[in-house]
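One structure below.
In the numbering used here, the protein residues as written are 4 to 275.
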């Protein structure tokens, strides 16, 4: 892996925010204790009630025995055990993107959102010519015994599908159906994008899967809590905000990772 600081045209995947108003609003929304969900005093709106109802319907059904001897005091962080298997299945669709350049190469994270359709940052793949030289690498992760797997490399095919929006910082590009050594892309599945609002709500914790620094695949659990921001003059409706908590989960050269709720539903992509 090359050192991006040595490149003639470094492509840093971490964008530092210098907006003081945004930082102060996120801090206020989080409250003083990073480990406790923020309490809201405002009355719920019709829209928020509908979102909560949808969110409840997406969760696993919960039953309680009124004669039981055990009770959960306070907020429960219990979830169905299938969360682990569902997370593993979702992670299979996440890949490292390797982009060669005259000074070396840079990396980003992307994931499949449909058959042969990859989603990543516009600042990772900003043009069809860049995508035509890049590769999507799946399976670059440690197995249950700690053995690091060799990446399975697929060529990108922007001549078939390529769409990039620099303002939203998103790129969609087609992927070859078979890897360089004959592995079918369909083996890794994909993460469906649902337009329905309510997949995640204010105060909920989300999970992030990524290739930090272009390294092996990793996961961040219980460190990113959604907060609702209301800044006058800024349209934030299209964004999900989750500030730093306990530790900073992003690393330099880490780029757009799938962000999911505890039901493994895709709620967005991450960007610092």
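Quick reminder that beta carbons are idealized off the backbone N, C-alpha and C, glycines included.
Taking the straight line between their C-alpha atoms, what separation do you get for residue i and residue j?
| i | j | result |
| --- | --- | --- |
| residue 116 | residue 197 | 10 Å |
| residue 138 | residue 79 | 42 Å |
| residue 207 | residue 105 | 43 Å |
| residue 54 | residue 103 | 43 Å |
| residue 1 | residue 218 | Only positions 4 to 275 of the chain appear in the structure, and residue 1 is not among them; the question remains open. |
| residue 161 | residue 214 | 23 Å |
| residue 163 | residue 157 | 15 Å |
| residue 228 | residue 222 | 15 Å |
| residue 166 | residue 129 | 9 Å |
| residue 149 | residue 91 | 15 Å |
| residue 144 | residue 151 | 6 Å |
| residue 134 | residue 226 | 32 Å |
| residue 147 | residue 192 | 20 Å |
| residue 159 | residue 141 | 13 Å |
| residue 174 | residue 119 | 14 Å |
| residue 121 | residue 177 | 6 Å |
| residue 99 | residue 84 | 28 Å |
Going by DSSP, name the residue or residues bridged to residue i.
| i | result |
| --- | --- |
| residue 160 | DSSP lists no partner for residue 160. |
| residue 221 | 213 |
| residue 204 | In the DSSP output, where bridge partners are listed per residue, residue 204 has none listed. |
Which residue comes first and which comes last in the beta strand (DSSP E) that contains residue i?
| i | result |
| --- | --- |
| residue 189 | It is not in any beta strand (DSSP E) - residue 189 carries neither H nor E in the DSSP assignment. |
| residue 229 | Careful: residue 229 lies outside any beta strand (DSSP E) and carries neither H nor E. |
| residue 168 | 165-168 |
| residue 177 | 173-177 |
Please tell me whether, using a cut-off of 7 Å, the distance from the CB of residue i to the nearest non-hydrogen atom of the ligand PLP is below it.
| i | result |
| --- | --- |
| residue 185 | Of the ligands one can find in the structure shown there are none, so the ligand PLP has no counterpart to examine. |
Between the Cα of residue i and the Cα atoms of the options, which residue gives the shortest distance?
| i | options | result |
| --- | --- | --- |
| residue 111 | 118, 156, 119 and 101 | 101 |
| residue 126 | 212, 195, 170 and 163 | 170 |
| residue 211 | 93, 188 and 84 | 93 |
| residue 231 | 205, 151 and 182 | 205 |
| residue 86 | 191, 216, 209 and 142 | 209 |
| residue 172 | 107, 123 and 88 | 123 |
| residue 57 | 216, 199 and 120 | 199 |
| residue 107 | 180, 136, 98 and 174 | 136 |
| residue 195 | 97, 52, 51 and 88 | 97 |
| residue 188 | 220, 131, 216 and 154 | 154 |
| residue 114 | 182, 88 and 95 | 95 |
Item checked: Every unbroken beta strand (DSSP E) inside the stretch 68-154 [3 residues or more] -> 97-104, 107-117, 120-123 and 138-141
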